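**Q** Numbering (the numbering used here), first residue to last: 1 to 605. Note that CB positions come from ideal geometry on N, CA and C, so glycine has one too. These numbers were taken from a predicted model, which means no experiment stands behind them. Once you've had a glance at the structure underneath, I'll fire off some questions.
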């Protein structure tokens, strides 16, 4: 009898998969991550909470630009970004050489100290760019995956001495450094505030100074790690053969982990799995004390078989873990990663491309109709489960700040990723406008922010966007955080050390409140977080766009005027319910005025 019941249930499940494909996709992603607001933190530039752990010059040994002997000090947090400080002038190098050597002292205590600030914005979750031990400021060249960078914790020297006693291949010998323990405290404090946190996994490559590669470099074929990397040739003095290996994108300081038809090979794969467990269920205390998921760097450079196995491993530890991938692919190329057996979502650069093309470009951008069509195609590409989980961003640590994007309209299109990436770097394009946006440009920025927060999915913004930070692409998008209460030098220096009129650098309270306002609407209205998305008006001539977010009896109507003229909006939907302007609280009749380059949000509750 039990066998017959089991068979019947199985047949019904199989039938449902065939007659209703969408059902197969439902609930593959965790519920908590749907419709939430993400805040991305680049730790070294966020906040210096502990002045006693600041990195020393030798800590950057092995990191570009490979100068750990020139004069060095912790860079003044509030200084003019492009101004070469006296200690930097001593090496005779230009600004971009020196920016890569700069360390501002941001650390985990700094993040802990600002959790209430983040919470005050209404943010639900934090994405931390890499915090594992690394010589660079960005930490994408890890020395290991199982330890936090010592300079992010309270006792760098003590941590390094502790780690020397380990055998990296034997996880039972792994110690918990003070930096590691501070990371666990951060996780707990985030959870106490009913927020979530994910770490960055860089599983395609390691930094050249990592423990495994250094052993290979020394012992060659005799190394226990000889199969971890893609070795092209071994050192042989008799034949004159050089030691050569594959580096990520040809960068020899980033040796790639070896892959075969099954994905990353057994040795590094097991190490990654062990490290994953360490941060998801630390000390076996339970998943409540571990990270809530992962963001995976250059996911496109790791084979699908590995991601499928790794997802199973992650979900075996925490069935509600969230996995998001860094992908800058079109829909068809992205599809294999979002079929339910690898990732729950991506950093949604395609969203940024579409929004940028409509809002940022003045003369060469999308029409309203094109904008809506592109959004619909992306929204429907991977199913509803994925759409609600997508991290809808406008910029990141790898892209020009939104405040600078709006200050550079009608240049390269963001969707032309490679060309735009180089064009938007001040180091590559001296004509790129890296100055503070004007009031008119910031109005465009505010319109984008409002749309981002009202759209379907999970908006994500980069630390400091809410404070008014601007900057060209990497490295200029990674300035130290702009905090209220600090007195910053005005920006007057160009990269070549010539000067321009002063741009005041001050925490933008108005922009902060703008973010807070629209995040608040997301929290207040479930229709914005979980509701359907229906286009109401597309008027190319007037540049007017309106849509509805609806869940049950709750409805929010959003009207966007992308033109430089005020418009009157009317629609039959306004006659069906009693709506009020959610900014003014006024009940509207059958029409409403929408100012130039502005947005109006109506609600029926």
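Near residue 22, which residues of its chain fall below 8 Å by C-beta distance, leaving aside the five closest residues on each side in sequence?
**A** At residue 22, the pLDDT of 33 sits below 50, so the modelled position is not reliable and the matter cannot be decided from this model.
**Q** Compute the distance between the beta-carbons of residue 535 and residue 547, then report whether it is under 7 Å.
**A** Cβ atoms of residue 535 and residue 547: closer than 7 Å.
**Q** Counting only runs that start and end within the region 382 to 420, where is the beta strand (DSSP E) found for 3 or more residues in a row?
**A** Taking only runs of at least 3 residues, the beta strand (DSSP E) segments lying wholly in the region 382 to 420 are 391 to 393.
**Q** Would you check whether the ligand ATP has a heavy atom nearer than 6 Å to the C-beta of residue 265?
**A** With respect to the ligand ATP, the structure shown offers nothing to examine, as it has no ligands at all.
**Q** Could you name the residues of the same chain whose beta carbon sits closer than 8 Å to that of residue 521, not counting the 5 residues immediately before and after it, in chain order?
**A** Here the set comprises 453, 454, 528, 556, 582, 601.
**Q** On a Cα-Cα basis, can you pick out the residue from 411, 488, 486 that is closest to residue 363?
**A** Checking every option, the nearest Cα to that of residue 363 belongs to 411.
**Q** Can you tell me the Cα-Cα spacing of residue 389 and residue 33, whole angstroms?
**A** So the alpha carbons of these two residues sit roughly 6 Å apart.
**Q** When DSSP labels each residue in this structure, what does residue 322 get in the three-state scheme?
**A** Strand at residue 322.
**Q** Buried or exposed for residue 572, going by 16 or more other Cβ atoms inside 10 Å?
**A** Exposed is the call here.
**Q** How close, in whole Å, do the beta carbons of residue 191 and residue 288 come, if the pair is a contact with beta carbons under 8 Å?
**A** Residue 191 to residue 288, Cβ: 7 Å. Contact.
**Q** Three-state secondary structure (DSSP) at residue 19?
**A** Below a pLDDT of 50, predicted positions are generally treated as unreliable, and residue 19, at 30, falls in that range; no measurement from the model is reported.
**Q** Within the region 278 to 353, note down every full alpha helix (DSSP H) run reaching 4 residues or more, in order along the chain.
**A** Those alpha helix (DSSP H) runs which fall completely within the region 278 to 353 and span 4+ residues are 304 to 317, 331 to 334.
**Q** Taking residue 203 as the reference, which of 290, 286, 300, 511 has the closest Cα?
**A** Selected option, being the one with the closest Cα: 300.
**Q** Buried or exposed: residue 240, going by 16 or more other Cβ atoms within 10 Å of its Cβ?
**A** Answer is exposed; the Cβ neighbour count stays below 16.
**Q** Mind checking whether residue 273 and residue 255 have CB atoms under 7 Å apart?
**A** No, the pair does not count as a contact, with Cβ atoms beyond the cut-off.
**Q** Taking C-beta to C-beta, are residue 57 and residue 50 nearer than 7 Å?
**A** Cβ distance not < 7 Å, so residue 57 and residue 50 don't count as in contact.
**Q** Expressed to the nearest angstrom, what Euclidean distance is found between the alpha-carbon atoms of residue 565 and residue 598?
**A** Approximately 10 Å, taken between the alpha carbons.
**Q** What number of angstroms, rounded off, separates the C-alpha of residue 251 from the C-alpha of residue 544?
**A** For residue 251 and residue 544, the distance between alpha carbons rounds to 47 Å.
**Q** Please check the pair residue 121 and residue 201, which I expect to be a contact at CB under 8 Å, by giving their CB distance rounded to whole angstroms.
**A** Not quite, the Cβ-Cβ distance comes to about 26 Å (not below 8 Å), so this is no contact.
**Q** For the putative contact between residue 44 and residue 137, defined by C-beta atoms under 8 Å, what is the C-beta separation to the nearest angstrom?
**A** Correct: roughly 5 Å between the Cβ atoms.
**Q** Distance, Cα to Cα, residue 433 vs residue 354?
**A** Going from the Cα of residue 433 to the Cα of residue 354 covers about 22 Å.
**Q** Which of helix, strand or coil does DSSP assign to residue 457?
**A** It is coil, neither helix nor strand.
**Q** Which of helix, strand or coil does DSSP assign to residue 243?
**A** Here residue 243 sits in coil by DSSP.
**Q** According to DSSP, is residue 549 helix, strand or coil?
**A** Residue state, collapsed to three classes: strand.
**Q** Do you know whose CA, among 46, 330, 457, lies nearest residue 532's CA?
**A** Per the Cα distances, 457.
**Q** Grab me the residues of residue 235's own chain with a C-beta within less than 8 Å of its C-beta, minus the 5 sequence neighbours each way, in chain order.
**A** Closer than 8 Å at Cβ, skipping near neighbours: 220, 241, 242, 243.
**Q** So if DSSP puts residue 38 in a beta bridge, which residue, or which two residues, is it bridged to?
**A** Residue 38 pairs with 125, 460.
**Q** Helix, strand or coil for residue 355? Go by DSSP, reduced to three states.
**A** Residue state, collapsed to three classes: helix.
**Q** Mind checking residue 603: buried by the 16 CB within 10 Å criterion, or exposed?
**A** Its Cβ being crowded by 16 or more others within 10 Å, residue 603 is buried.
**Q** My parser needs the beta strand (DSSP E) runs of 3 or more residues fully inside the region 57 to 143; what are they?
**A** Fully enclosed beta strand (DSSP E) runs of 3 or longer: 125 to 128.
**Q** Using the C-alpha atoms, what's the distance from residue 198 back to residue 569?
**A** The alpha-carbon atoms of residue 569 and residue 198 are separated by roughly 42 Å.
**Q** Taking residue 407 as the reference, which of 437, 488, 379, 187 has the closest Cα?
**A** Out of 437, 488, 379, 187, 437 has the C-alpha closest to the C-alpha of residue 407.
**Q** Count the C-beta pairs between the region 470 to 482 and the region 413 to 428 that are closer than 8 Å, then say yes if the count reaches three, no if not.
**A** Counting Cβ pairs under 8 Å, three or more are found: they touch.
**Q** Who are the Cβ neighbours of residue 8 in its own chain at under 8 Å, not counting the five residues just before and after it?
**A** The predicted model places residue 8 with a pLDDT of 33, which falls under 50 and marks its position as unreliable, so this point remains unresolved.
**Q** Hey, residue 483 and residue 462 are a contact pair by Cβ (cut 8 Å); roughly how many whole angstroms apart?
**A** With 8 Å as the limit, residue 483 and residue 462 do not qualify as a contact, their Cβ atoms being about 15 Å apart.
**Q** Looking at the strands, I want to know which residues DSSP matches up with residue 422.
**A** DSSP output for residue 422 lists no bridge partner at all.
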